[in-house]
Structure formats: C-alpha cells, structure tokens
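Heads up: the structure comes next, in structure tokens.
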Amino acid sequence: GCCMHKEMNAFKGGVAAMEAWWGANGIEPPARMYNWDNAAASTLAPGTAALKRAEEKSKGGAIKVSDLAGAVFRHKDRKRGQQDTLRFYFDRLLGFTIEFPDTNNTRFQSHAEAAAVIITYLQYFLEFLRLVEDNKNSRSLNHMERNVLRGLECRQTLHEFAVITLYHQCISVPYMREIRGPIGSTEQNALCLGPFHERLKTHLRLLIDEPELIVSRESFGNYKKAAFDGQLWDRLDAIYAVQSYLPELEHLKPLFVEFCKGALQTWERFTAEYAEGGEISKLSVKNKKRAAMHKTNDLSEGSFGKFCRIQWSNPSMTLSQHNSREMIKNPGTVERLEEMNDRDWTSIRKIARKWDELGEDRRNKVSIAENMNKVAEGKRQKDKEKAQRQEQTQQKVD
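Below, the structure is given as structure tokens:
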C-alpha cells in the first residue's frame with residue numbers, strides 16, 4: 001500500500017492512544033471545544049443528560065484545536081478568517097510572515113505541522129487573538145475564536161501539542177524524507193521496503209524504552225539517536241520550544257511513550273504484508289523487480305484528480321475516451337502512429353468499431369444505476385424490519 005497512508009494511519013493510532021491516556025490514568029483531559037448548543041448545555045444544565053450528551057459529542061485536545069485554528073488562521077474563504085491579519089501581525093512583530101498549515105483540507109501531516117507551529121509561536125498566537133478581540137466593536141471573539149483561545153491556554157492541550165511535535169520530528173519527517181526523496185537510502189520498489197519498516201519499528205521501540213532521548217533538556221543535540229534517519233531536526237525552533245515548556249509538562253514523558261505505543265501497534269498492522277513467511281517475503285528478487293510498485297499513490301491519485309477536473313468541464317466525456325486521450329500522450333505513441341501504414345489503420349479501425357459495439361461505457365453507467373437501486377432497496381428493507389421490531393416492542397409494552 002501507499003507509504004504515505006501507512007504513516008497517516010500510524011499517526012492516527014498514536015493520537016487515539018494519547019487521547020485515551022488521560023481517562024485511563026484518571027487525569028483531567030484537555031478542555032473540550034463545545035459548539036454553540038453544547039456550550040449552552042454545559043453552562044445551563046449541569047448534572048443533566050443534556051450535559052452528558054454534550055460532553056460525549058464534544059472533543060478537545062491538540063487535533064481539535066488545530067482544526068479550529070486552521071479555520072480561523074487559514075480559512076478557505078479569503079474574505080473570512082484572520083489569515084491576512086495574522087501574516088501582517090507576524091511581519092510587523094518578527095520581520096517574517098507565518099502561513100498556518102491547511103488543516104481544513106486533506107494535507108498529509110498538516111495537523112502535526114500545525115502543532116509544531118503553535119507550540120513554537122504560542123505566546124504570539126495568544127497575543128494575536130487578544131488583539132483581534134480588542135479590535136472588534138463588540139470587544140468579543142466569536143465562538144470559534146474563543147474555543148481556539150481556550151485550547152491554546154489549556155495546559156493538557158499543550159502536552160498534546162508537544163507530544164505530536166516530538167513524534168513528527170522523530171518519526172514522521174524522517175520517514176517521509178526517505179519515502180518522498182528523489183533517491184534516498186530506501187528501495188524505490190515498495191515490495192522491497194520490509195527491512196526499512198522493520199528499522200522504523202525498532203526505532204519506535206527505542207523511543208518507548210528510552211524516552212529521555214527526546215523528552216529531556218539534552219534532546220536538542222540528540223538528533224543522531226532520536227531522529228529515525230539521524231539527521232538534524234527539521235524544525236529546530238519547535239524542538240527548542242518544547243524544551244522551554246518542559247517544567248510545565250509533568251505528563252509529557254508517559255504521554256509521549258503512550259503515543260509511540262499506539263503508533264507502533266498501527267505500524268505493525270499496516271506493515272503486516274512484509275512479515276516473514278508472507279507472500280512478499282516469498283518473492284525472489286527477480287519477481288519483486290517484475291512486479292515493482294511505487295512507494296506512494298501519487299501517480300494514481302494525480303491521474304484521478306486530473307480526470308475529475310476534466311469531467312467538470314466535459315461532463316459527457318466517457319472514461320474510455322478520457323483514457324484514450326491520455327494514452328496518446330505517452331512517449332513514442334505519436335511517433336508510432338506516424339509510422340503506421342494503411343493496413344495498420346484498417347486493423348485499428350476494426351478494433352475500434354468492435355469496441356464501440358460492445359457498449360462498455362453504457363454498461364458501466366447502467367451497472368452504477370443498478371447498484372444504487374440495490375443499496376436503496378437494502379436500506380428500505382432494513383428500515384422496514386426496524387419498524388416492525390419497534391411495533392412488536394410497543395405491542396408488548398401496551
């Protein structure tokens with residue numbers, strides 16, 4: 001599978017383990033980010049079922065705050081949010097601009113990058129939000145901005161920002177540097193990445209056993225041991241920022257270890273295809289080369305995205321026509337067509353007519369429509385059975 005998706009899922013596994021750690025150890029979790037309705041329930045209905053439901057539906061922590069911060073500091077609509085004001089603010093204060101990571105769109109590692117940016121410039125973000133508040137006629141932040149401010153002021157959330165930043169610098173950045181690099185030290189064939197992923201999991205076990213490598217005052221210079229690839233930290237300022245907050249982060253070490261354990265468990269699942277005795281391990285070097293696979297899905301996802309864009313401007317274009325237009329762009333295709341004689345063209349026209357007669361594109365469309373009907377019928381049947389069970393239960397009560 002795609003190595004970028006492996007890393008993303010491992011990161012999510014680490015986040016899930018980190019978020020569960022607070023409750024498992026009886027420690028107050030990060031402040032929850034309530035929406036308007038749930039905020040009212042938390043204030044006006046203490047000890048009620050409404051409050052319980054509001055707490056179940058509301059999340060807090062670094063990932064949630066990063067999401068909201070992305071909506072405030074980098075809104076997709078440039079007429080909303082504070083993205084321009086934020087850049088002007090940093091330019092005036094520090095002499096350079098900050099572009100907040102795009103956490104509201106599908107961007108690999110955007111939440112981890114947001115955590116690093118936030119913990120590096122935390123005091124500036126807090127000051128900026130208070131400046132925004134004082135500049136408003138109402139002298140009040142909107143609900144989302146208040147949630148971001150609460151999250152940035154929460155000490156438990158700061159723990160999570162620090163943990164994510166450390167994992168990102170130790171594992172995520174070095175891993176993707178190898179996977180996405182033009183050459184790197186890894187095999188270019190995804191089928192040959194078994195040893196590489198074993199080294200990664202071994203390094204995670206090292207961080208679990210010796211968290212002092214990264215959670216300490218000396219971690220700034222420990223990159224040769226703490227970073228997966230032994231290279232200098234990608235963000236020295238973020239590592240330094242975490243170190244500066246160490247006296248305030250009493251739970252950082254166990255929380256970081258828990259994150260790494262959750263990530264390691266997920267890495268084990270998503271690298272199971274490389275296990276000894278598995279299908280890949282049984283392949284010879286020659287067969288691995290013959291069945292070579294890319295390390296990422298860039299080519300597939302890029303082609304799919306391109307097809308979607310073409311469909312927007314050419315909605316009636318069929319998939320086979322799109323594929324034909326793309327295939328002719330392959331190197332050597334035009335030259336080969338120019339070399340063809342009349343007999344070749346006659347043969348190709350016969351093949352094209354046979355293909356048109358098959359009606360493959362129409363069959364695909366009909367198949368999609370039939371599948372929609374099948375899914376709808378299945379759901380209707382489930383609704384009918386559910387209604388019957390409810391009616392039977394009501395009859396027993398009556």
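Following UniProt numbering, the numbering of the sequence shown begins with 1 at its first residue and continues without gaps. Each residue gets a CB set at the ideal place from its N, CA and C atoms; glycine is no exception.
Contact between the stretch 164-184 and the stretch 107-122 (3+ Cβ pairs under 8 Å): yes
Residue ranges of each alpha helix (DSSP H) within the stretch 196-262, 4 or longer: 223-226 and 236-245
Give a yes or no on contact between the stretch 7-17 and the stretch 241-253, applying the rule of three or more CB pairs nearer than 8 Å. no
Check residue 399 in the structure and name its three-state DSSP category. Coverage of the chain is limited to positions 1 through 398, which leaves residue 399 absent and any answer about it impossible.
Starting from LEU358, follow the alpha helix (DSSP H) in both directions and report where the run begins and ends. Start at 1 with the first residue of the sequence shown, and residue 358 comes out as number 358. Looking at the DSSP string, the run of the alpha helix (DSSP H) that includes LEU358 is 342-358.
8 Å Cβ shell around MET33 - same chain, five flanking residues per side excluded: Locating residue 33 in the sequence shown gives position 33, where the first residue counts as 1. Closer than 8 Å at Cβ, skipping near neighbours: SER58, LYS59, GLY60, LYS64, VAL65, LEU68, ASN147, ARG150 and GLY151.
Would you kindly report the start and end of the unbroken alpha helix (DSSP H) that includes ARG107? As a working note, residue 107 is residue 107 in the sequence shown. Neither: ARG107 is in no alpha helix (DSSP H) and is coded neither H nor E.
Identify which residue in LEU252, HIS197, PRO195 and GLU248 has its Cα closest to the Cα of GLU212. Taking the first residue of the sequence shown as 1, we reach residue 212 at position 212. That would be LEU252, whose Cα lies nearest to the Cα of GLU212.
Mind checking whether ASP234 and THR120 have CB atoms under 8 Å apart? Start at 1 with the first residue of the sequence shown, and residue 234 comes out as number 234. Start at 1 with the first residue of the sequence shown, and residue 120 comes out as number 120. Not a contact, by the Cβ cut-off of 8 Å.
Express the C-alpha separation of ARG199 and ALA272 in angstroms, rounding to a whole number. Mapped onto the sequence shown, residue 272 falls at position 272. Mapped onto the sequence shown, residue 199 falls at position 199. Each residue's Cα considered, the two are about 14 Å apart.
Taking contact to mean 3 or more Cβ pairs, one atom from each stretch, closer than 8 Å, check whether the stretch 154-161 and the stretch 264-284 are in contact. no
Where ILE214 and HIS159 are concerned, what is the direct C-alpha to C-alpha distance, given to the nearest angstrom? Along the sequence shown, one-based indexing puts residue 214 at 214. Along the sequence shown, one-based indexing puts residue 159 at 159. If I take the Cα positions, the gap works out to 14 Å.
Could you compute how far the alpha carbon of GLU268 sits from the alpha carbon of ALA10? Walking along the sequence shown from the start, residue 268 turns up at place 268. Walking along the sequence shown from the start, residue 10 turns up at place 10. Taking the straight line from one Cα to the other gives about 9 Å.
Within 10 angstroms of its Cβ, does GLN392 collect 16 or more other Cβ (buried), or is it exposed? Here residue 392 refers to the residue found at position 392 of the sequence shown. Looking at its Cβ environment, which holds fewer than 16 other Cβ atoms inside 10 Å, GLN392 is exposed.
List the DSSP bridge partners of GLY332. Against the sequence shown, residue 332 aligns to sequence position 332. For GLY332, which the question treats as bridged, DSSP gives no partner whatsoever.
Taking the alpha-carbon positions, what's the ARG290 to ILE328 distance? For this step, residue 290 is matched to residue 290 along the sequence shown. For this step, residue 328 is matched to residue 328 along the sequence shown. C-alpha separation (whole angstroms): 25 Å.
Give the straight-line distance between the Cα atoms of ARG380 and GLN388, rounded to the nearest whole angstrom. Start at 1 with the first residue of the sequence shown, and residue 380 comes out as number 380. Start at 1 with the first residue of the sequence shown, and residue 388 comes out as number 388. When rounded, the distance between both Cα atoms is 12 Å.
Keeping to the same chain, check which residues put their C-beta closer than 8 Å to that of ILE179; ignore five residues upstream and five downstream. Stepping through the sequence shown from its first residue, residue 179 is reached at position 179. Same-chain partners within the cutoff: CYS3, MET4, GLU7, THR186, LYS295 and THR296.
Could you give the DSSP three-state label for GLY60: helix, strand or coil? Counting from one through the sequence shown, the residue named residue 60 turns up at place 60. GLY60: strand per DSSP, three-state reduction.
For ASP361, does the three-state DSSP call read helix, strand or coil? Counting from 1 along the sequence shown, the entry for residue 361 is found at position 361. Three-state result, ASP361: helix.
Applying the criterion that 16 or more other CB atoms from any shown protein chain within 10 Å of the CB defines a buried residue, is PRO195 buried or exposed? One-based indexing of the sequence shown puts residue 195 at position 195. Answer is exposed; the Cβ neighbour count stays below 16.
What whole-angstrom Cβ distance do CYS260 and ILE208 have, given they're in contact under 8 Å? As a position in the sequence shown, residue 260 is number 260, starting the count at 1. As a position in the sequence shown, residue 208 is number 208, starting the count at 1. Indeed, because the Cβ distance is near 5 Å, the residues count as touching under 8 Å.
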